[in-house]
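Engineer: Once you've had a glance at the structure underneath, I'll fire off some questions.
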Amino acid sequence: MKLNLVIAVLILLSSCKDNNEPENPNMSTPAVVQGLTLSISNRSFDDTYATLRNTIDANTNIKIIAEVNHMANAASVDLELNPTRVIFFGNPNLGTPLMQKNQLAGLDLPQKIVAYQDADNGVYVGFNATDYLIGRHQLESVQTLPTINNALTGITTTATGSEIIVSPSTTMISSEGVITKISTQNFDDTYNTLKTTIDNNPNLKIIAEVNHQENASNVGLELRPTRLIIFGNPNLGTPLMQNKATAAIDLPQKMLVWEGEDGAINVSYNTPDFLKLRHNIQDNDTILETINNALDNISNAASRL
């Protein structure tokens, strides 16, 4: 299996060179992560990120929700990390139809793009492929997906000045890597308890809150109550990114509170085991178990379980 994967990557890279992709002196072997589309930059990290941010900011259809400087967050707890940043941004006209089909898609929305520099000084920009979203949330036939794919590809290649080099095929099981608990509280109480529980933990910091229902309403679309909270702890997240830089696309942590069609109030989040498997994280089982216990306790508190 490993041999076949290596061969597939080599073939993919060779085909990119046949398309006259510009040579890059910082080229190193790219990571291969399920559902993660990558491009290597012809620019420095700072120039790449500035171009990335400016490109997103210049698009009047897109709103930046949050920026996360993982390297600065690591330094704040006396840890070292290569330059690594994530931008969260969205367009409710494009994202809402995904959640209308399956609200769990809200766990992967708003969209995010990661920029990172690896140990060989290669600079990469990546995003979750739409095939990844389709497989994970059963979003076949949602009409906005091609537009989303074109937008993410265009933003990424503008930032890097080069084409996509790795976009591995994706075979996902529905709701793979997601834990969902049914709350015994109503929607507002569940969300407020979730936020208070995170706020009261001195090790955690809330990065952003996203009211998907309100954003949908602002563009004349309907969506059942759906809210996302993004939060993190660099003491726990940094070692994962030190091990595998691509893990930054799935950090900080996120929890989604949503009211289903049956009226049930749900709390959903990504499992640390999924993060480990997706990015092939090694030798961090103790930290992953700590994250797992923290997410379990937080979600139980919100759900009053």
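Numbering (the working numbering), first residue to last: 10 to 314. Beta carbons are placed, not taken as given, at the ideal position from N, Cα and C, and that holds for glycine.
1) Report the option in 149, 59, 111 and 128 whose CA atom is closest to the CA atom of residue 122.
2) Output yes or no for whether 8 Å exceeds the beta carbon distance between residue 279 and residue 263.
3) Taking the alpha carbon of residue 282 as the reference point, which residue from 270, 300 and 269 has its own alpha carbon closest?
4) If we ignore side chains and look at the alpha-carbon of each, how far apart do residue 53 and residue 172 end up?
5) Round the Cβ separation of residue 215 and residue 208 to the nearest angstrom and send it over; I've been treating them as touching at under 8 Å.
6) Who does residue 121 pair with in a DSSP beta bridge?
7) Going along the chain, which residues of its own chain have a beta-carbon closer than 7 Å to the beta-carbon of residue 245, five neighbours each way excluded?
8) Nearest to residue 235 by CA position, among 99, 77 and 108, is which residue?
9) By Cβ distance below 8 Å, which residues in the same chain neighbour residue 88 in space, the five residues on each side in sequence not counted?
10) I'd like to know if the segment 161-168 and the segment 131-146 are in contact, where contact means that at least 3 CB-CB pairs between them fall below 8 Å.
11) Return the CA-CA distance between residue 199 and residue 266, expressed in angstroms with no decimal places.
12) Do residue 144 and residue 181 have their beta-carbon atoms positioned less than 8 Å apart in this structure?
13) Under DSSP, the beta strand (DSSP E) around residue 268 begins and ends at which residues?
14) Between the segment 65-79 and the segment 89-98, do at least 3 Cβ pairs fall closer than 8 Å?
15) Under a three-way DSSP split, which group does residue 217 fall into?
Structural biologist: To lay it out plainly:
1) Numbered from 1 along the sequence shown, position 113 holds the residue referred to as residue 122. The shortest Cα separation from residue 122 among 149, 59, 111 and 128 belongs to 59.
2) Here residue 279 refers to the residue found at position 270 of the sequence shown. Here residue 263 refers to the residue found at position 254 of the sequence shown. It is a contact, given that the beta carbons lie within the stated cut-off.
3) The residue given as residue 282 occupies position 273 in the sequence shown. Comparing Cα positions, the closest option is 300.
4) The sequence position of residue 53 within the sequence shown is 44, counting from 1. The sequence position of residue 172 within the sequence shown is 163, counting from 1. Roughly 16 Å separates the two Cα atoms.
5) In the sequence shown, counting from the first residue as 1, residue 215 sits at position 206. In the sequence shown, counting from the first residue as 1, residue 208 sits at position 199. Going by Cβ atoms, the distance from residue 215 to residue 208 rounds to 7 Å, so yes, they are a contact pair.
6) Position 112 of the sequence shown holds residue 121. According to DSSP, residue 121 bridges with 97.
7) Here residue 245 refers to the residue found at position 236 when the sequence shown is read from its first residue. Excluding residues within five positions, the ones whose Cβ falls inside 7 Å are 296, 299 and 300.
8) Here residue 235 refers to the residue found at position 226 of the sequence shown. It is 108.
9) Numbered from 1 along the sequence shown, position 79 holds the residue referred to as residue 88. Closer than 8 Å at the Cβ level, and outside the excluded window around residue 88, lie 243, 244, 247, 248 and 251.
10) yes
11) Looking up residue 199 in the sequence shown gives position 190. Looking up residue 266 in the sequence shown gives position 257. Rounded to the nearest angstrom, the two C-alpha atoms are 8 Å apart.
12) Counting from 1 along the sequence shown, the entry for residue 181 is found at position 172. Counting from 1 along the sequence shown, the entry for residue 144 is found at position 135. Yes, these two residues count as a Cβ contact at 8 Å.
13) Sequence index remark: in the sequence shown, residue 268 carries index 259 (1-based). Per DSSP, residue 268 belongs to the beta strand (DSSP E) from 262-268.
14) yes
15) Stepping through the sequence shown from its first residue, residue 217 is reached at position 208. Three-state DSSP puts residue 217 in a strand.
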